[in-house]
Amino acid sequence: MEKIVKKEFDTLLSSIGIEEGYELKIEEKDGVSYINLLFSGEDLGYLIGNHGKHLESLQYIFSMILRKKLPEDTNYRVLLDVCGYKEERNKKLERFALQKADDARILGDSVELPAMSPSDRRVVHVALQMFDDIKTESIGEGEDRRIVITPIESKEADNILDESEEESEE
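Throughout, the numbering used here is defined as the position within the sequence shown, counted from one, plus 204.
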């Protein structure tokens with residue numbers, strides 16, 4: 205797998221005029237091959253693009269190339285990063301998601317996040333999946349797709365509300 209990944213990534217970079225060096229790491233975890241391609245150096249902002257759009261596009265294109273080149277039953281994820289940009293961005297997204305989840309809890313109402321890329325939405329969903337008192341849902345279409353964070357009331361709170369509604373009806 206490593207030979208194929210290196211050959212195809214080198215070909216892709218060459219075809220779009222990128223001559224930067226990178227580090228390739230392939231890690232196996234739970235039946236998934238994580239293909240990490242890491243760029244480091246100076247003046248690599250052009251690889252990242254505005255809000256990581258270039259990096260995301262390059263990652264998507266390379267994933268599609270590998271889909272054709274690797275055996276059909278290969279379970280893999282391509283992860284591209286430039287100077288730790290993506291890792292830092294994911295940490296910021298996680299903090300943002302936790303703050304918005306707190307807002308939803310405090311307000312007792314849904315909080316809608318701005319439109320996000322599929323990979324950013326995934327970071328938010330994963331960051332909040334461990335909490336039993338909120339749920340996340342993606343809504344919208346295409347580039348307007350975003351996440352809504354909704355607090356989930358406990359059964360106790362539901363019972364109290366039901367009892368108070370019954371009393372007010374009498």
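Think of the CB as a built atom: it goes at the ideal place given N, C-alpha and C, for glycine as much as any other residue.
Beta-carbon proximity of residue i to residue j, cut-off 7 Å
i, j, result
"L259", "I265", "no"
"D324", "L283", "no"
"I230", "E206", "yes"
"L228", "L217", "no"
"Y280", "S237", "yes"
"D307", "V315", "yes"
"I398", "P355", "Residue 398 lies beyond the residue range present for the chain, which begins at 205 and ends at 374; the question has no answer from this structure."
"V330", "A301", "no"
"I208", "K273", "yes"
Cα-Cα separation, residue i to residue j
i, j, result
"M320", "E357", "27 Å"
"I353", "R271", "33 Å"
"E246", "V286", "10 Å"
"D277", "R309", "42 Å"
"K210", "Y226", "10 Å"
"D313", "N294", "25 Å"
"E224", "S244", "9 Å"
"R349", "P318", "8 Å"
"P275", "Q303", "42 Å"
"D336", "L248", "41 Å"
Three-state secondary structure assigned by DSSP to residue i
i, result
"L274", "coil"
"E371", "Note that E371 scores 47 on pLDDT, short of 50, meaning its location in the model is unreliable; the coordinates nonetheless yield the value given after this. E371 falls in the helix class under three-state DSSP."
"S219", "helix"
"P318", "coil"
"N254", "helix"
"L248", "coil"
"I356", "coil"
"R309", "helix"
"E345", "coil"
Exposed unless 16 or more other CB atoms sit within 10 angstroms - verdict on residue i
i, result
"Q333", "exposed"
"I351", "buried"
"Y250", "exposed"
"T340", "buried"
"Q263", "buried"
"G235", "exposed"
Below-7 Å beta-carbon distance, residue i vs any chain B residue
i, result
"R299", "Here chain B cannot be found, since the structure has a single protein chain."
Cβ-Cβ separation, residue j to residue i (assumed contact under 8 Å), whole Å
i, j, result
"K290", "G256", "7 Å"
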